[in-house]
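Heads up: the structure comes next, in structure tokens.
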Amino acid sequence: MKIMLSNEQATLDFGARLASLLPEKALIFLNGPLGAGKTTLVRGLLLASGHQGSTKSPTYTLVEPYQLPSKSFYHFDLYRLGDPEELEYIGIRDYLDEKAICLIEWPEKGAGFIPEADLVLNLDYEGQARSIKLEPSDASWCQTVEQSLGY
Numbered sequence: 303m304k305i306m307l308s309n310e311q312a313t314l315d316f317g318a319r320l321a322s323l324l325p326e327k328a329l330i331f332l333n334g335p336l337g338a339g340k341t342t343l344v345r346g347l348l349l350a351s352g353h354q355g356s357t358k359s360p361t362y363t364l365v366e367p368y369q370l371p372s373k374s375f376y377h378f379d380l381y382r383l384g385d386p387e388e389l390e391y392i393g394i395r396d397y398l399d400e401k402a403i404c405l406i407e408w409p410e411k412g413a414g415f416i417p418e419a420d421l422v423l424n425l426d427y428e429g430q431a432r433s434i435k436l437e438p439s440d441a442s443w444c445q446t447v448e449q450s451l452g453y
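Residue numbers (my numbering): 303 to 453.
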């Protein structure tokens, strides 16, 4: 399923709609070039889940935790990861074992140390707009997402 996002607000809105569909535990990969809207999408998701502070890309810290009343979120950015083995040092398995939503930007940098995602979101440029392609691991969940998001 491919969705067109005309501007930043549309990306925030998509994240907010997606937030309402997420279970208590999920692994979500965010793919796309720099500036495609990965962190903006995460911001929309977190705002809709009750986060009131800023949302920054964890490019230098690797992970930003968000403990919210309804769910826990961990936002990873592996762009600057030198070696996938570094994920063992930050305790990646502990994060993934928790009842939380783990959102991982640049997941290919952690190949071999992170499992298959429940949902892959591929963001890309479409002229001045953006597109997002959803790839859920479960076909029935794909139908639920399509129907619920109204795209």
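Where is the CB? At the ideal position from N, CA and C, for every residue including glycine.
Since this is a predicted model, take the numbers as computed values, not measurements.
Considering only residues of the same chain and omitting the five flanking positions on each side of residue i, which have a CB-CB separation below 6 Å?
i           : result
residue 317 : 343, 346 and 347
residue 379 : 359, 360, 361 and 407
residue 411 : 380 and 383
residue 311 : none
residue 421 : 330 and 438
residue 389 : 412 and 415
Only counting the same chain, and skipping five residues up and downstream in sequence, which positions put a Cβ closer than 7 Å to that of residue i?
i           : result
residue 384 : none
residue 371 : 352
residue 340 : 332, 334, 407 and 425
residue 413 : 386
Do residue j and residue i count as a contact pair if the criterion is CB distance below 8 Å?
i           : j           : result
residue 423 : residue 329 : no
residue 366 : residue 373 : no
residue 425 : residue 334 : yes
residue 450 : residue 323 : yes
residue 428 : residue 306 : yes
Let me know the secondary structure DSSP gives residue i once reduced to three states.
i           : result
residue 319 : helix
residue 434 : strand
residue 368 : strand
Taking only heavy atoms of the ligand SAH into account, decide whether any of them is closer than 7 Å to the Cβ of residue i.
i           : result
residue 426 : As presented, the structure is devoid of all ligands, the ligand SAH included, so that no description of it is given.
Name, in chain order, the residues that DSSP records as bridge partners for residue i.
i           : result
residue 427 : 432
residue 309 : Note: residue 309 sits in no beta bridge, so no partner.
residue 402 : For residue 402, which the question treats as bridged, DSSP gives no partner whatsoever.
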